[in-house]
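Numbering (my numbering), first residue to last: 54 to 235.
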Amino acid sequence: MADSNFIDYVKIYCKSGKGGNGSMHLHRAKYVPKGGPDGGDGGRGGHIILRGNKQMWTLIHLKYRKHIKAEDGGDGSGQLKTGKEGADIVLEVPLGTVAKNAETGETLFEIINDGEEKILVRGGRGGLGNDHFKSATNQTPRYAQPGEDGIEGWYILELKVLADVGLVGFPNAGKSTLLSVV
């Protein structure tokens, strides 16, 4: 049996990026004996995004790409430097694609317009650096927040196919004959 080039149902495993950890860093300089906290925030983890493309008509490009993972966010560092954001993964899908959660069966959204982008799996938030936790009573906090984990799970992408023309009629009315001539 030959493989079909038209695929309208795909089940994929997606994992968004983990957020970067906040930095626990204290300012150090030659002539500053007690520098305060200057730990930067962690970067956001990468999203997995679906983008509508009117030039596409099948999900065959996702049939053999079952596991999709976005990049993790970078950790924060000293001098209030924020970590780098994880790169997003953009999956192009044909118009009329419906995204569902495979475990619950819940419909998440539908891609209708060309160029429309919707986030399928959101990346984890980056953790806060120790600069956010300073106060009048705790001027040198030795704590930084870890980044949030990314979301992972199985998702179903299903293509809604709408017919342009429908033939309705009584039996032996000539529907098949009409189609064979056209």
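Yeah, the Cβ is synthetic: ideal placement off N, Cα and C, and Gly gets one too.
When rounded, the separation of the alpha-carbon atoms in Arg118 and Ile65 is 8 Å. Scanning the segment 66-128 from its first residue to its last, the whole beta strand (DSSP E) runs of 3-plus residues come out as 101-106, 120-122. Between the beta-carbon of Gly89 and that of Gln192 there is about 6 Å, and that keeps the pair under the 8 Å contact cut. Beta-bridge annotation (DSSP): Glu211 is paired with Tyr62, Val151. By the CB criterion at 7 Å, Gly99 and Gly200 fall outside the cutoff. Of the other Cβ atoms in all chains shown, fewer than 16 fall within 10 Å of the Cβ of Val214; this residue is therefore exposed. Take the alpha-carbon of Ala152 and the one of Val146: they are about 10 Å apart. Under the three-state reduction of DSSP output, Thr230 falls in the helix class. With a cutoff of 7 Å on beta-carbon distance, Ala123 and Ile142 are scored as near each other. Comparing C-alpha distances from Gly168 to each of Gly127, Thr160, Leu148 shows the shortest one belongs to Leu148.
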